[in-house]
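Numbering (our numbering), first residue to last: 40 to 162. For glycine and all other residues, C-beta sits at the position ideal for the given N, C-alpha and C. Here the structure is a predicted model, which means the values were calculated and not measured. Contents: one structure, followed by commentary.
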Amino acid sequence: WEKLIIDAPQHVFPDDDLLTSLVNLYFERINPIIGILHSPTFRQSIAEGLHFRDQAFGAVVLAVCSVASRYSDDPRVLLDGVNSELSCGWKWFHQVHPLPASFSPEPSLHQLQLLFVRLLSIK
Numbered sequence: 040w041e042k043l044i045i046d047a048p049q050h051v052f053p054d055d056d057l058l059t060s061l062v063n064l065y066f067e068r069i070n071p072i073i074g075i076l077h078s079p080t081f082r083q084s085i086a087e088g089l090h091f092r093d094q095a096f097g098a099v100v101l102a103v104c105s106v107a108s109r110y111s112d113d114p115r116v117l118l119d120g121v122n123s124e125l126s127c128g129w130k131w132f133h134q135v136h137p138l139p140a141s142f143s144p145e146p147s148l149h150q151l152q153l154l155f156v157r158l159l160s161i162k
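Next comes the structure, spelled out in structure tokens:
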């Protein structure tokens with residue numbers, strides 16, 4: 040009774056090849072400067088499909104995709120039907136809600152990571 044339960048919609052992730060590319064870009068371009076995520080653990084969690092089972096980790100993955108899309112020349116990072124670079128990453132950014140739906144006084148590691156990575160998106 041202490042937790043607010045919301046049926047969150049299923050996350051929509053990039054195709055596997057694009058997801059791999061965006062994660063690589065994130066760890067090459069962003070994480071060396073702002074080391075919020077542990078690359079081996081993050082990559083292993085994706086390989087194990089944790090982003091499909093854990094809503095909080097899935098949100099972190101989407102935030103990473105959103106931030107890394109700025110460094111990608113793949114047209115799939117743009118909104119469908121839009122040819123503006125201003126739309127890059129938006130399809131993942133808008134799926135992520137920055138505040139957890141919980142009354143728990145202690146945020147989870149994934150919730151903290153999400154807040155930091157999402158801040159990079161709105162830079």
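In the three-state reduction of the DSSP assignment, D55 falls in the helix class, which pools H, G and I. Within the same chain, A107, Y110 come within 8 Å of R68 by CB-CB distance, once the 5 residues on both sides are set aside.
By the criterion of at least three beta-carbon pairs nearer than 8 Å, the segment 124–132 is not in contact with the segment 72–83. For G97, the enclosing alpha helix (DSSP H) starts and ends at 94–107.
Rounded to the nearest whole angstrom, the C-alpha separation of G97 and R115 is 19 Å. The continuous stretches of alpha helix (DSSP H) do not include R115, and DSSP gives it neither H nor E. Around the Cβ of L148, a 10 Å sphere holds fewer than 16 other Cβ atoms; the residue is exposed.
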